[in-house]
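Counting from 42, one number per residue, gives the positions in the sequence shown under this note's numbering.
Encoded as structure tokens, the structure appears first; notes follow it.
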Amino acid sequence: MSLDRTAGSTMGRLDGKVIVLTAAAQGIGQASAIAFAKEGAKVIATDINESKLQELENYPGIQTRVLDVTKKRQIDQFASEVDRIDVLFNVAGFVHHGTILDCEEKDWDFSMNLNVRSMYLMIKAFLPKMLAQKSGNIINMSSVASSIKGVENRCVYSATKAAVIGLTKSVAADFIQQGIRCNCVCPGTVDTPSLQERIQSRDDPKEALKAFLNRQKTGRFASAEEVALLCVYLASDESAYVTGNPVIIDGGWSL
Ligand code: NAD
42 MSLDRTAGST
52 MGRLDGKVIV
62 LTAAAQGIGQ
72 ASAIAFAKEG
82 AKVIATDINE
92 SKLQELENYP
102 GIQTRVLDVT
112 KKRQIDQFAS
122 EVDRIDVLFN
132 VAGFVHHGTI
142 LDCEEKDWDF
152 SMNLNVRSMY
162 LMIKAFLPKM
172 LAQKSGNIIN
182 MSSVASSIKG
192 VENRCVYSAT
202 KAAVIGLTKS
212 VAADFIQQGI
222 RCNCVCPGTV
232 DTPSLQERIQ
242 SRDDPKEALK
252 AFLNRQKTGR
262 FASAEEVALL
272 CVYLASDESA
282 YVTGNPVIID
292 GGWSL
């Protein structure tokens, strides 16, 4: 929140904006939902995990809704319930560990479905509302493990996140003259519950943690809150001239 010195009251950078986001029950999605609400947005936080999602109900400005982003019918129903939307933040994604040889067809299909098709479905459902309003802002979650950087054991994951960059640029180019902008966020390694699960699921979690930390030039992971602050900027009018960008936040990992 910034101080409005003329009025002597606090003004949020997202005052009055309606923001819909997916995968908001934990990690970057949860941190972003809270950061958006603190800046005055009316947040509709969605996730497949109902019990975890309910933790957000205590925050003023946040309402929650269960949504599985792989289900077109659920998405279309949800979109029909939302009157106005200023910002759509597509967060949901899954990290598959392994090379192409470790990636079975079912793994490929699962990741493509959750990481890419979900964004196609969400944008297709909400973009017509934005076009009718003559304004809209879409933020997609990508990663530096994509077309930006080759990362070991991230084959299908990187393929999906590169697709997200392509989708982002395409939507930005197609609708720029109709008041729509579209960017994506490309984090490095972020300390979230799924990162901790990935570390714990390895044969030697201590070694896995060391390996993850060794690849950080800063010697630490990003926090979900740090990534959320970048998302506040992208969601706000401060970034009004920014569109079609894969915005990197990786502590220099991809340098
Ligand atoms: P996370 O993986 O810890 O949480 C993911 C959330 O997605 C959970 O709340 C889960 O319930 C929800 N979810 C799973 N399937 C769903 C579905 N079908 N419909 C709706 N919700 C569903 O969160 P995270 O680590 O913050 O990752 C969020 C996004 O950020 C992902 O797209 C991820 O690829 C990306 N990302 C993460 C990192 C990282 O290091 N954590 C780095 C770069 C990019």
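Every residue gets a Cβ at the ideal spot worked out from N, C-alpha and C, and that includes glycine.
A contact is defined here as three or more CB-CB pairs under 8 Å, and the stretch 281 to 289 meets this definition with respect to the stretch 183 to 194. A distance criterion of 7 Å places the beta-carbon of A276 beyond contact range of ligand 1, judged by its closest non-hydrogen atom. Here T140 is exposed. Its C-beta has fewer than 16 other C-beta atoms within 10 Å.
Under the three-state reduction of DSSP, K79 is assigned to helix.
Annotation for N154: no alpha helix (DSSP H) segment contains it, and DSSP assigns it neither H nor E. Within 7 Å of the C-beta of P287 there is not a single heavy atom belonging to ligand 1.
For Q95, there is no enclosing alpha helix (DSSP H), as DSSP gives it neither H nor E.
Distances from the CB of T111 to the heavy atoms of ligand 1 include at least one below 7 Å.
In the DSSP secondary-structure assignment, Q219 is not bridged to any residue.
In the three-state DSSP reduction, S188 falls in the coil class, being neither helix nor strand.
If you look at Q104, you'll find it in the beta strand (DSSP E) that goes I103 to V107. Counting only the Cα atoms, R243 lies some 12 Å from K251. Contact check for N181 against M153 fails: the beta carbons are separated by 8 Å or more.
Fewer than three beta-carbon pairs drawn from the stretch 255 to 271 and the stretch 166 to 175 are found closer than 8 Å, and the two stretches are therefore not classed as touching. Counting along the chain, F130 sits inside the beta strand (DSSP E) bounded by residues V128 to N131.
With a cutoff of 7 Å, K93 counts as near ligand 1, since its C-beta is closer than that to a heavy atom of the ligand.
For C144, same chain residues with a beta-carbon under 7 Å away, outside a window of 5 residues either side, are H137, C196 and V197 in chain order.
Judged by beta-carbon spacing, T201 lies beyond the 8 Å limit of N224, meaning their Cβ atoms are not closer than that value.
For N194, no beta strand (DSSP E) run applies, since DSSP gives it neither H nor E.
Looking from the CA of I126, the closest CA among Q219, G293, D291 and A82 belongs to A82.
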